[in-house]
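Protein chains in written order, with the working numbering: chain A, 2 to 295; chain B, 2 to 295; chain C, 2 to 295; chain D, 2 to 295.
Even for Gly, the Cβ is constructed at its ideal location relative to N, Cα and C.
What you are looking at is a predicted structure, and each value in this text was computed from that prediction instead of being measured.
Spelled out as C-alpha cells, the structure:
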C-alpha cells in the first residue's frame with residue numbers, strides 16, 4: 002500500500018450500488034465457478050470448521066458443570082415415556098470465537114453506517130436485521146479457494162503483523178495465483194487465544210489492501226484480527242475495513258490444519274470451496290461448515 | 002415388497018458392525034464421489050433448504066407478536082453505545098417441521114434401542130448424545146443426488162401412499178438409474194401441513210423397501226411420513242424404518258421446487274449434492290442447506 | 002401541577018446521593034413497615050400478578066403452535082428412561098407486557114444517563130448491569146399498599162388521561178390517606194392492549210407529580226403509560242419520569258381486579274404488601290408475584 | 002420411626018383426594034395464618050434465597066468466560082441507537098442447585114406415578130405439566146415458619162444423617178413447638194457441594210417420618226438430601242418420600258445463615274413466612290425468594 006492510500010480508499014461502498022447486500026460475493030462469476038469446478042477431481046472433502054461439542058444447558062443434580070463460554074448449548078427434551086423421539090433445543094451465539102462462523106456485512110458498523118453506506122438504524126432494529134444480513138448467504142457460496150500457508154509446518158510468531166508481502170510470499174510458494182472472485186484461505190498455525198503472554202498474529206491494513214487489489218470474494222482463516230491489535234491506529238482492520246468497507250464476508254475461526262496437510266500431500270493449493278450455512282435470513286452471523294473439495 | 006418381507010427384514014443393524022454411526026453413508030465410495038463430480042459441470046447451485054426468517058424473541062413494547070412455533074428465535078444483543086458490533090443469540094429447535102434439517106440416526110428409538118441395536122440409555126443421556134448423533138455428519142457428505150419428481154408440474158393427491166412403483170415410474174421418467182450410495186431426492190409438490198382436511202401424502206413401507214434395495218445413502222424430500230399415517234400398522238415408516246433401522250439419514254422439510262425447475266430446464270435429474278451442516282457433534286438433528294450443483 | 006413545574010423538577014436524582022440504587026424505596030422506614038403490619042389481621046392473601054402459562058418451546062411433530070409473544074417459554078427436559086425427575090429450561094423476557102414484572106431503575110435511560118445521573122455506559126455493559134439493577138430488590142420490599150380504584154365496578158374510558166385529581170378523588174373514596182413510603186396500587190379496569198381502536202388510558206405528568214408530592218415508594222397498576230401516548234410531548238411519563246427520574250420502581254402489568262373485589266368486600270383499601278421477586282441481581286426487570294395481605 | 006413403619010406408610014396419597022395438587026399446603030388453615038401473623042411485629046424481613054448473579058450468555062469478543070453451570074443466563078438486548086430501554090432475555094434452569102427454588106410435587110415420579118397416584122404420562126407431556134405443577138403455588142403461600150438450627154454457630158459434620166432426634170433436639174433449643182401447617186426451616190451450616198472429600202449431610206427416612214408426624218406444610222433448608230446418599234436403600238428420602246409421597250413442597254438451596262443470626266439476636270425462632278414465586282403455572286419448579294418477617 003502506498004502512502005497515498007487511506008482507509009477511505011479501501012472501500013467498495015457504492016461499487017455495486019446503494020442497495021447491494023452481496024459485497025465481494027459479486028466477484029464470483031460463471032468463470033470463477035468454472036475455474037472452481039476444475040479443481041474438484043476426486044471428491045475428497047476437507048472441512049474448514051472446528052468441531053463443536055455442545056455444552057449441556059442442564060444444571061442441578063443431572064449435569065456436570067459446563068465449560069466456559071460455550072458457543073452452543075443443548076437441552077435434551079422430554080418426549081414422553083417411552084420417548085417417541087430424541088430431540089433438543091439449542092442456544093447458539095454465532096459470534097463466539099470458538100465457533101467457525103460466517104460474518105454478515107452488517108456485523109460491524111462504521112460511524113453509524115453499515116455496508117454500503119446505509120444508516121445502522123435503518124439496517125438493524127431491535128427485532129431483526131433488514132439489510133446486510135445472512136440473507137446474502139442463503140443460497141450458499143461456491144467459488145475457488147486458495148490456501149496461503151504463512152508458516153508451513155510451523156506457526157507465525159506471536160503478534161506477527163501480516164502484510165501484503167507475507168501473502169505474496171505464500172502465494173509464490175503455492176504456485177497458484179489468486180484470481181478475482183477466489184476465496185482467500187489463510188493459515189497462520191494458531192488457535193484463538195486471549196492470552197496476553199501469547200498474543201495472536203493478525204492482519205494489517207496493508208494486507209487488507211492486498212485483498213482489495215486482488216478482489217478476494219471471501220476470507221477464511223485460523224487467524225484474523227490480532228488480540229491485542231498489531232496497529233493501535235486501526236485496531237481490527239479485517240473486520241473494520243475488510244468486512245465493513247470492502248463488504249468481504251469473513252469466516253471467523255476456520256480450522257485449516259487438516260486442509261494444509263491435504264494441500265501439501267497433493268501438492269496443490271486450490272480447490273472447490275462450498276459454503277452453505279443454514280438458510281437463515283436476517284442474522285448477523287451464522288455457523289458454517291465450509292467444504293474444500295479436491 | 003413381497004409378503005415374506007417384514008419390517009425386521011428392512012434393517013441394516015449389524016451390516017457395518019456394532020459400533021457404526023454412519024449407517025447408509027457407508028455406501029458412499031470413491032466411485033460414488035467420482036460419479037457425483039461428473040454431474041458438476043457449470044457450478045450452478047440450487048439450495049434444497051427452506052429460507053428461514055427468525056422470529057424475534059423480544060416481547061414487550063419493542064416487538065410485534067411472533068408467528069407460531071418459530072424454528073429459530075433471535076434476540077439482538079446490546080453491545081454498547083454506540084454498538085461495537087451487531088450480534089444475536091439464536092434459540093433453535095432443529096426438528097421443527099418448518100426448518101430443513103438433517104436427522105441423526107439416534108433421533109428415533111425402536112423398542113428402547115437405537116441404530117445399530119444399542120440401548121437408548123447408553124446412547125442418550127440427559128446431558129447429551131453419545132452414539133448415533135450428528136457427529137456422523139461433522140465432515141459433511143458429498144455424493145450424487147437424483148431427483149425423482151412424483152408429480153411433475155403438479156402435486157400428489159392428498160394422503161397418497163407412495164410405493165416403490167411410484168418411485169420406479171418417476172425414475173423411468175428421469176432416464177437416470179439410482180445407484181448404491183446415491184442420495185434420493187423426492188418431490189411430491191407439498192408443503193408441511195397438519196390440516197386434517199388436506200392430509201399429506203407419505204412413504205409406505207413398500208417405498209422404504211425400495212430404498213433399501215437400491216441402497217440409498219441419504220433421503221431428502223418435500224414429503225416424508227404422512228400425517229395422518231397412510232398405514233396405521235406402520236405409522237411413520239420413513240422415520241421408524243428408514244432412519245432407525247436402515248440407518249439412512251433423513252433431510253426433513255427439504256424444498257425442491259426450485260430444484261425440479263432446474264432439472265426440467267436442463268433435462269437432467271442427477272447432480273452433485275453437498276450436505277454440510279454446522280460441524281456440531283452430539284446432537285439429534287441439525288439445520289442444513291443442501292446444495293445441488295450442476 | 003402548576004405551570005412552573007417542569008419535568009426537570011420531577012426528579013429525585015441526588016436526593017439520596019450519587020451512589021444510590023434504591024430510589025423511592027428509601028422512603029420505606031420502620032414506621033412505614035409498622036403501619037403496614039397493622040393492616041395484616043387475618044392472613045388473607047391476594048396476588049397482584051397475572052397467572053402465566055408458559056408456551057412450549059418445542060416445535061416439530063411434538064407440539065401445537067405457541068401463542069404469539071410468550072413471556073415465558075418452557076422446554077421439558079429429558080432426564081433418562083425412566084425419568085429420574087421432571088425438569089425444564091425456561092426462557093423469560095421480563096419486560097413482556099403480559100408478565101407482571103418489576104422494573105429496575107436502570108430500565109429507562111434519559112439522555113444517556115440513568116438514575117441518579119450516572120452515565121448509561123457505566124451502568125450497563127454488554128455482559129450485564131452494574132448500577133440500578135434488580136439488585137435493589139434482592140432483599141424484597143415490605144410496605145403498606147393502598148388501592149386507588151379509578152373506576153369501581155367499571156373501567157376508565159379509552160385513552161383517558163389520568164391526573165392528580167383522579168387520584169385525589171379515588172383516595173377520597175377509600176377513606177385512607179396515602180402516606181410517604183406507601184405503595185400506590187392503581188386500578189383502571191384494563192388489560193394491556195395495543196388495539197388502536199381501543200386505546201389504553203394512562204398516567205399524565207400531572208399524576209406523576211402527585212406521586213412525587215406524596216412520596217410513593219412503589220407503583221403497581223393494571224394501567225401505566227398509555228398506548229398511544231396521552232401527551233405526545235411526554236410520551237411515557239410513568240417510565241420516563243416516574244421510574245427514571247423519581248427512581249420509583251414500577252410493577253408493570255399488575256392484575257388488581259381480585260384485589261379490588263376483596264377491598265370492596267372488606268371495606269378497606271390498605272394492606273400489607275410484600276414484593277419478593279427471585280433474588281436475581283444485575284437484571285433490568287424481573288417477574289414478581291406481589292402479595293397483598295389483609 | 003418404629004420398625005413397622007415402611008416408606009409406603011409415609012404417604013399422603015389420597016389424603017386430600019385423587020385430584021389434589023396442594024399436598025401438605027392443605028394443612029395451612031386460617032388458624033395457621035393467624036398464628037403466623039402474630040409473629041410479624043416490626044416488619045423486619047430476612048430473605049431465605051441465595052443471591053444470584055446471572056452469567057452473561059454472550060460469547061465472542063464481547064464477554065469474559067461464564068462460570069460453570071449458571072442457573073440464570075442473561076443476554077442484554079439491543080433496543081436501538083440510542084437505546085430506548087435496557088432489557089434482557091433470561092435463560093433459567095430452575096432446578097440448578099445454586100438457585101433457591103420451590104419444587105413442585107410433580108418434580109419426582111415414583112414408579113411411573115406422581116402425587117397423589119396419578120400416572121406420570123397423564124401429568125406431564127412433552128409440551129407441559131398438567132398436574133402437580135407450580136400452579137399450586139400461583140397464589141403464594143403464607144404460613145408460620147420455625148427455624149431448627151441443627152448446628153448453632155457451627156455446621157453439621159460431613160455426611161451426618163439427620164434423624165428425628167436431631168430435629169427434636171433443635172426444636173427443644175428454640176422453645177417453640179412446630180404445629181401442623183407450619184413451615185420447617187432447617188439450618189445445617191452447609192453450602193451445596195459435590196466434593197466427595199466433603200460429603201454433605203442430609204435427611205434420613207426417620208427425619209421424613211418426623212415431618213409427616215408433625216404435618217409440616219413446606220420444607221426449606223440449606224441441607225436436604227445428602228450427596229452421596231446417607232442410606233443407599235433410600236437414596237433421596239426428602240425428594241422421593243417427602244416431596245413425592247407426602248406431597249410436601251420443598252425449597253431447595255435455601256440460604257439460612259442470615260435468618261439464624263436474626264433468630265439468635267431476637268431470641269425467637271418463629272416468624273411469618275411468605276413464599277411468592279413468579280405466578281408461573283405448569284412448571285416443575287420455580288425460583289423463589291422466601292421472606293421471613295419478624
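- prompt: If you measure beta-carbon to beta-carbon, which residues of the segment 69-89 of chain C are closer than 8 Å to chain A?
  reply: Of all residues in the segment 69-89 of chain C, 76, 77, 78, 79, 80, 82, 83, 84, 85, 86, 87 and 88 have a Cβ within less than 8 Å of some Cβ in chain A.
query: residue 217 (chain A) and residue 8 (chain A) look like a contact to me (Cβ under 8 Å); what is the Cβ gap, rounded to whole Å?
result: Translated into positions along the first chain, residue 217 (chain A) becomes position 216. Translated into positions along the first chain, residue 8 (chain A) becomes position 7. Contact flag wrong, Cβ pair sits at about 17 Å.
Rounded separation between residue 270 (chain B) and residue 278 (chain A) - CA only: On the second chain, position 269 is the one that residue 270 (chain B) refers to. On the first chain, position 277 is the one that residue 278 (chain A) refers to. Put simply, the backbone Cα of residue 270 (chain B) is about 24 Å away from that of residue 278 (chain A).
- prompt: Are the beta-carbon atoms belonging to residue 148 (chain A) and residue 213 (chain A) less than 9 Å from one another?
  reply: On the first chain, position 147 is the one that residue 148 (chain A) refers to. On the first chain, position 212 is the one that residue 213 (chain A) refers to. No, these two residues do not count as a Cβ contact at 9 Å.
message: Is the separation between the beta-carbon of residue 185 (chain D) and that of residue 137 (chain D) shorter than 9 Å?
response: As a first step, residue 185 (chain D) must be located in the fourth chain, where it is residue number 184. As a first step, residue 137 (chain D) must be located in the fourth chain, where it is residue number 136. Not in contact: residue 185 (chain D) and residue 137 (chain D) (Cβ atoms no closer than 9 Å).
query: Is it right to say residue 201 (chain A) is buried, meaning 16 or more other beta carbons lie within 10 angstroms of its own, or is it exposed?
result: The residue given as residue 201 (chain A) occupies position 200 in the first chain. Around the beta-carbon of residue 201 (chain A), 16 or more other beta-carbon atoms lie within 10 Å, marking it buried.
Those residues which DSSP pairs with residue 233 (chain C) across a bridge: Taking the third chain and counting its residues from 1, one reaches residue 233 (chain C) at position 232. Looking at the DSSP output, residue 233 (chain C) sits in no beta bridge, so it has no partner there.
Contact set for residue 43 (chain D): own chain, Cβ-Cβ below 8 Å, skip 5 residues either direction: Counting from 1 along the fourth chain, the entry for residue 43 (chain D) is found at position 42. Hits under 8 Å: 295.
message: Less than 9 Å between the beta carbons of residue 150 (chain D) and residue 178 (chain D), yes or no?
response: As a working mapping, residue 150 (chain D) is identified with position 149 in the fourth chain. As a working mapping, residue 178 (chain D) is identified with position 177 in the fourth chain. No.
message: In this structure, how does DSSP classify residue 167 (chain D) when only helix, strand and coil are distinguished?
response: Counting from one through the fourth chain, the residue named residue 167 (chain D) turns up at place 166. In the structure shown, residue 167 (chain D) sits in a helix (DSSP, three-state: H, G or I).
- prompt: Since residue 30 (chain D) and residue 182 (chain D) are thought to touch, with beta carbons under 8 Å apart, how far apart are those beta carbons, to the nearest angstrom?
  reply: As a working note, residue 30 (chain D) is residue 29 in the fourth chain. As a working note, residue 182 (chain D) is residue 181 in the fourth chain. In this structure residue 30 (chain D) touches residue 182 (chain D) by the C-beta definition: roughly 6 Å separates them, less than 8 Å.
query: So, is residue 299 (chain D) buried or exposed, given that buried needs 16 or more other C-beta atoms within 10 angstroms?
result: Given that chain D is displayed from residue 2 to residue 295, the structure contains no residue 299 (chain D) and the question cannot be resolved.
message: With distance defined between alpha-carbon atoms, name the residue in D:245, D:36 and D:78 nearest to residue 118 (chain D).
response: Here residue 118 (chain D) refers to the residue found at position 117 of the fourth chain. Minimum Cα distance to residue 118 (chain D) is reached at D:245.
field: Those residues which DSSP pairs with residue 252 (chain B) across a bridge
entry: As a position in the second chain, residue 252 (chain B) is number 251, starting the count at 1. Paired residue(s): B:103 and B:221.
Contact check, residue 293 (chain C) vs residue 247 (chain C), beta carbons under 9 Å: Looking up residue 293 (chain C) in the third chain gives position 292. Looking up residue 247 (chain C) in the third chain gives position 246. Contact: no.
field: Partners in chain B for residue 28 (chain C), counting only beta-carbon separations shorter than 7 Å
entry: Sequence index remark: in the third chain, residue 28 (chain C) carries index 27 (1-based). Within 7 Å Cβ-Cβ: nothing; residue 28 (chain C) doesn't reach chain B, min ~28 Å.
field: Of the listed residues B:262, B:230 and B:139, nearest to residue 190 (chain B) (C-alpha basis)
entry: Along the second chain, read from residue 1 onward, the residue named residue 190 (chain B) stands at position 189. It is B:262 whose Cα lies nearest to the Cα of residue 190 (chain B).
message: Under DSSP, the beta strand (DSSP E) around residue 271 (chain B) begins and ends at which residues?
response: For the purposes of this step, residue 271 (chain B) is identified with residue 270 of the second chain, where counting begins at 1. Start and end: 271-276.
C-beta atoms of residue 56 (chain C) and residue 285 (chain D) nearer than 9 Å: Along the third chain, read from residue 1 onward, the residue named residue 56 (chain C) stands at position 55. Along the fourth chain, read from residue 1 onward, the residue named residue 285 (chain D) stands at position 284. For the 9 Å CB-CB criterion, residue 56 (chain C) and residue 285 (chain D) do not form a contact.
- prompt: So what does residue 281 (chain C) bridge to, in DSSP terms?
  reply: Translated into the one-based positions of the third chain, residue 281 (chain C) becomes position 280. D:53.
C-alpha gap between residue 141 (chain D) and residue 135 (chain D), whole angstroms: Translated into the one-based positions of the fourth chain, residue 141 (chain D) becomes position 140. Translated into the one-based positions of the fourth chain, residue 135 (chain D) becomes position 134. For residue 141 (chain D) and residue 135 (chain D), the distance between alpha carbons rounds to 10 Å.
field: Between the CA atoms of residue 206 (chain B) and residue 143 (chain B) - distance to the nearest angstrom
entry: Reading the second chain from its first residue, position 142 is the one you call residue 143 (chain B). Reading the second chain from its first residue, position 205 is the one you call residue 206 (chain B). Roughly 27 Å between the two C-alpha positions.
query: Is there a Cβ from chain A that is less than 9 Å from the Cβ of residue 67 (chain C)?
result: Along the third chain, read from residue 1 onward, the residue named residue 67 (chain C) stands at position 66. The predicted model places residue 67 (chain C) with a pLDDT of 42, which falls under 50 and marks its position as unreliable, so this point remains unresolved.
- prompt: Expressed to the nearest angstrom, what Euclidean distance is found between the alpha-carbon atoms of residue 256 (chain D) and residue 145 (chain C)?
  reply: In the fourth chain, counting from the first residue as 1, residue 256 (chain D) sits at position 255. In the third chain, counting from the first residue as 1, residue 145 (chain C) sits at position 144. Rounded to whole angstroms, the gap between the alpha carbons of residue 256 (chain D) and residue 145 (chain C) is 26 Å.
field: Paired residues, beta bridge with residue 297 (chain C) - DSSP
entry: The structure shown does not extend to residue 297 (chain C), since chain C spans only 2 to 295, so no value can be given for it.
task: Tell me whether the beta-carbon of residue 225 (chain A) lies closer than 9 Å to the beta-carbon of residue 251 (chain A).
output: To locate residue 225 (chain A), count along the first chain from 1; it is residue 224. To locate residue 251 (chain A), count along the first chain from 1; it is residue 250. In contact: residue 225 (chain A) and residue 251 (chain A) (Cβ atoms closer than 9 Å).
field: Neighbourhood of residue 77 (chain C) by C-beta distance below 6 Å, restricted to the same chain and skipping five residues each side
entry: Here the question's residue 77 (chain C) lines up with position 76 in the third chain. Within its own chain, the residues whose Cβ lies closer than 6 Å to the Cβ of residue 77 (chain C), once the five positions on either side in sequence are excluded, are 89, listed in chain order.
query: Among all the DSSP beta bridges, which residues are the ones paired with residue 76 (chain B)?
result: What you label residue 76 (chain B) is simply residue 75 of the second chain in a count that begins at 1. Residue 76 (chain B) has B:90 as its beta-bridge partners, per DSSP.
Residue 95 (chain A) beta carbon less than 9 Å from that of residue 287 (chain A): By one-based count along the first chain, residue 287 (chain A) stands at place 286. By one-based count along the first chain, residue 95 (chain A) stands at place 94. Their beta carbons are under 9 Å apart, which means residue 287 (chain A) touches residue 95 (chain A) by this criterion.
message: If you follow the beta strand (DSSP E) that residue 287 (chain B) is in, where does it begin and where does it stop?
response: Within the second chain, residue 287 (chain B) is the residue found at index 286, counting from 1. Per DSSP, residue 287 (chain B) is one residue of the beta strand (DSSP E) stretching across 286-288.
message: Against residue 101 (chain C), what residues of chain E qualify as contacts under a CB-to-CB distance less than 7 Å, listed in chain order?
response: No chain E is present in this structure, whose protein chains are A, B, C and D.
message: Give me the subset of the segment 203-230 of chain D whose CB atoms are less than 9 Å from a CB atom of chain C, sorted by chain position.
response: The residues in question: there are none.
- request: On a CA-only basis, which of B:121, B:249 and B:273 is nearest residue 28 (chain B)? Give me that one, please.
  value: What you label residue 28 (chain B) is simply residue 27 of the second chain in a count that begins at 1. Residue 28 (chain B) has its Cα closest to that of B:249, out of B:121, B:249 and B:273.
message: Could you give the first and the last residue of the continuous beta strand (DSSP E) run that contains residue 184 (chain A)?
response: Looking up residue 184 (chain A) in the first chain gives position 183. Its beta strand (DSSP E) spans residues 184-188.
field: Under 7 Å by beta carbon: chain D residues contacting residue 285 (chain A)
entry: The residue labelled residue 285 (chain A) in the question sits at position 284 within the first chain. Correct list: empty, because the minimum Cβ distance to chain D is about 10 Å.
- request: Could you tell me whether the Cβ atoms of residue 121 (chain A) and residue 231 (chain D) are closer together than 9 Å?
  value: By 1-based counting over the first chain, the position of residue 121 (chain A) is 120. By 1-based counting over the fourth chain, the position of residue 231 (chain D) is 230. Contact annotation: residue 121 (chain A) and residue 231 (chain D) have beta-carbon atoms that are not nearer than 9 Å.
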